[in-house]
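Heads up: the structure comes next, in structure tokens.
In this note's numbering, the protein residues as written are 46 to 414.
Below is the structure:
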């Protein structure tokens, strides 16, 4: 149930659509689709099995690589963000139909589009095609995420002169809740704002208003859907602990309803990683970016708390290695450019071991920011 106290709710002429208007805001920033949208326009006998929907720079390209290697899976070799188009559902059906000529009937079909979690009109299109799609979502320490995202955008501009003409490189210092450069903004690092759009937990009126007023960059669309979600931290993809890594692969295999195991993630080179350097690349730990880090750490604490206390409590959400996932997110409250970051992560690891009976630590040592 979604509370709408302090919001002006207007029912539109279009079926199954509600406009929720913030009296103090711009007036048209949030569109909410009710549960009837689940059955609207369903038009495919072949459903999409899964989608890797975001966030960018959280290992989504790596998952495209490793999942695409699996013999039971067929995925486009690059992002399939046509799902955002007005006729995105038809484009998806067309792709699956073309693939069906080359694969067995029980082949799993998946796509990757890391903007689906931000612009959930793609989820609406997906509901016209499928009721059983599984969604995979990655998150990352917001400070490290911002540096990676910004530098990747710089890399793309250097490799595409036309792109650099149309959208020249901008300073990272001005990328906030009112301005973005090719989607790069500290506002995009408020992961909980965009996860709320998946409608996996009830939202209070305050939570709705917070989502509505979080930035002036992107419309917010709360999309009620039947899809299950697997959320992971990028730390889990990079984890060198063989036991935890094996559990992660097993849990993801089961979530995606596969029979054969996934390849060892540590045996696959990371994609979208390069050794190039450009003058505009940033080292987020430089003093001039202190205010950016402060903003991201502050919002990171809020994202962490909402994900751990609200989002993963949903019966629709799956987490692998819960203690390791929690430890990874606890670090979001610590600036990664300080000594306390590694100490905090180490304490989190030792806290987990203590819960397992392996280590005894004084309570005061277990305090995390």
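Ideal placement from N, C-alpha and C gives every residue a C-beta, glycine not left out.
Output needed for residue i: all residues of its chain with C-beta closer than 7 Å, excluding positions within five of it in sequence on either side, in chain order.
| i | result |
| --- | --- |
| residue 214 | 199, 202, 325 |
| residue 239 | 162, 163 |
| residue 351 | 237 |
| residue 300 | 179, 275, 363 |
| residue 282 | 104, 107, 310 |
| residue 148 | 119 |
| residue 354 | none |
| residue 261 | 222, 223 |
Taking residue i as the reference, give the member of the options with the closest Cα.
| i | options | result |
| --- | --- | --- |
| residue 216 | 192, 107, 94 | 192 |
| residue 209 | 362, 340, 226 | 226 |
| residue 297 | 124, 180, 106 | 180 |
| residue 315 | 280, 126, 127, 238 | 280 |
| residue 278 | 365, 264, 247 | 365 |
| residue 159 | 125, 335, 190, 185 | 125 |
| residue 274 | 253, 104, 358, 350 | 358 |
| residue 263 | 251, 270, 233 | 233 |
| residue 150 | 205, 207, 104, 91 | 91 |
| residue 155 | 117, 294, 186 | 117 |
| residue 153 | 253, 305, 103, 323 | 305 |
| residue 99 | 270, 313, 185, 384 | 185 |
| residue 271 | 145, 382, 383, 360 | 360 |
| residue 328 | 94, 93, 144, 190 | 190 |
| residue 252 | 356, 93, 382, 144 | 356 |
So, is residue i buried or exposed, given that buried needs 16 or more other C-beta atoms within 10 angstroms?
| i | result |
| --- | --- |
| residue 378 | buried |
| residue 388 | Unreliable placement is indicated for residue 388, whose pLDDT of 48 sits below 50; the coordinate value is still reported in the next sentence. By the neighbour-count rule (16 or more Cβ atoms within 10 Å), residue 388 is not buried but exposed. |
| residue 223 | exposed |
| residue 114 | exposed |
| residue 139 | exposed |
| residue 123 | exposed |
| residue 101 | buried |
| residue 167 | buried |
| residue 177 | exposed |
| residue 196 | buried |
| residue 119 | buried |
| residue 72 | The pLDDT assigned to residue 72 is 44, lower than 50, so where the model puts this residue is not dependable, and the model offers no usable value. |
Grab me the residues of residue i's own chain with a C-beta within less than 8 Å of its C-beta, minus the 5 sequence neighbours each way, in chain order.
| i | result |
| --- | --- |
| residue 401 | Bear in mind that a pLDDT of 36 at residue 401, under 50, signals an unreliable position, so the number given afterwards is only what the model happens to contain. Closer than 8 Å at Cβ, skipping near neighbours: no residue. |
| residue 136 | 127, 128, 130 |
| residue 380 | 188, 338, 339, 342, 386 |
| residue 142 | 91 |
| residue 259 | 222, 232, 235, 238, 265 |
| residue 93 | 137, 141, 154, 155, 156, 171, 174, 175, 178 |
For the alpha helix (DSSP H) that residue i lies in, which residues bound it at each end?
| i | result |
| --- | --- |
| residue 91 | Run containing residue 91: none; DSSP gives neither H nor E here. |
| residue 138 | 133-145 |
| residue 353 | 335-354 |
| residue 244 | Run containing residue 244: none; DSSP gives neither H nor E here. |
| residue 113 | 105-113 |
| residue 222 | It is not in any alpha helix (DSSP H) - residue 222 carries neither H nor E in the DSSP assignment. |
| residue 167 | 166-172 |
| residue 211 | 206-211 |
| residue 251 | 250-257 |
| residue 372 | 367-375 |
Just how far apart, CA to CA, sit residue i and residue j?
| i | j | result |
| --- | --- | --- |
| residue 219 | residue 230 | 8 Å |
| residue 307 | residue 333 | 42 Å |
| residue 111 | residue 310 | 7 Å |
| residue 109 | residue 257 | 32 Å |
| residue 121 | residue 194 | 23 Å |
| residue 372 | residue 183 | 15 Å |
| residue 211 | residue 321 | 22 Å |
| residue 161 | residue 96 | 9 Å |
| residue 175 | residue 331 | 46 Å |
| residue 255 | residue 246 | 15 Å |
| residue 250 | residue 287 | 44 Å |
| residue 370 | residue 205 | 37 Å |
| residue 289 | residue 368 | 10 Å |
| residue 146 | residue 312 | 31 Å |
| residue 384 | residue 335 | 15 Å |
| residue 291 | residue 303 | 15 Å |
Along the chain, where does the beta strand (DSSP E) that runs through residue i open and close?
| i | result |
| --- | --- |
| residue 276 | 273-278 |
| residue 268 | 265-268 |
| residue 293 | Unbroken run through residue 293 is the alpha helix (DSSP H), 287-300; no beta strand (DSSP E). |
| residue 156 | 153-157 |
| residue 179 | 179-184 |
| residue 363 | 362-364 |
For the ligand COA, is there a heavy atom less than 8 Å away from the beta-carbon of residue i?
| i | result |
| --- | --- |
| residue 316 | As for the ligand COA, it is missing from this structure, which has no ligand bound. |
Can you give me the Cβ contacts of residue i inside the same chain, cut-off strictly under 6 Å, excluding the 5 residues immediately before and after it?
| i | result |
| --- | --- |
| residue 86 | Legend: pLDDT at residue 86 = 48, less than 50; position of this residue unreliable, no value from coordinates given. |
| residue 346 | 378 |
| residue 170 | 128, 133, 134 |
| residue 294 | 307 |
| residue 165 | 242, 266, 268 |
| residue 284 | 290 |
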